[in-house]
Amino acid sequence: MTGTVRNEWNKGPPAHRDYVRDVFERFHAENSVPVFSSKAELQLHTQAHMREAKPYKCSQCCKAFANSSYLSQHTRIHLGIKPYRCEICQRKFTQLSHLQQHIRTHTGDKPYK
6 MTGTVRNEWN KGPPAHRDYV RDVFERFHAE NSVPVFSSKA ELQLHTQAHM
56 REAKPYKCSQ CCKAFANSSY LSQHTRIHLG IKPYRCEICQ RKFTQLSHLQ
106 QHIRTHTGDK PYK
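Quick note, the sequence shown lines up with residues 6 to 118 if you use this note's numbering.
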């Protein structure tokens, strides 16, 4: 972790700092499944947390986001759009990551022992 990035992460609440450090370590650990599918995805997520400006605002609840894709993803909650469906039990989810997490309840997979 570079000094600049580490300093930016230290600005958040302690629980988030611990979480970010854990995510970073898991992403770079050998023989582990990364939390993000690519380094670019991790960088996009990190930049969203490090930016002060969040110009994309939800018209329903006034929550703000650093990029338009996060706002679009959030908007599904208000609209009730659940495009991701579990093939096992047919339960639907607003986000792919939530479906992936749910599937583990069927498979018993515990990647973060």
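Positions of the beta carbon are idealized from the N, C-alpha and C atoms, including for glycine. None of these values were measured; they are calculated from a predicted model.
With DSSP run on the structure shown, which of helix, strand or coil describes residue i?
i     : result
Lys68 : coil
Lys59 : coil
Lys44 : helix
Arg96 : coil
Do residue j and residue i count as a contact pair if the criterion is CB distance below 8 angstroms?
i     : j      : result
Cys63 : His79  : yes
Phe98 : His111 : no
Gln65 : His83  : yes
Name the residue from the options whose alpha carbon lies nearest to the alpha carbon of residue i.
i     : options                      : result
Pro60 : Ala45, Asp27, Glu46, Leu76   : Leu76
Ile93 : Gln105, Gln65, Lys68, Phe41  : Gln105
Lys87 : Ser73, His103, Ser74, Pro116 : His103
Is residue i buried or exposed, if buried means 16 or more other CB atoms sit within 10 Å of its CB?
i     : result
Ala45 : exposed
Ala71 : buried
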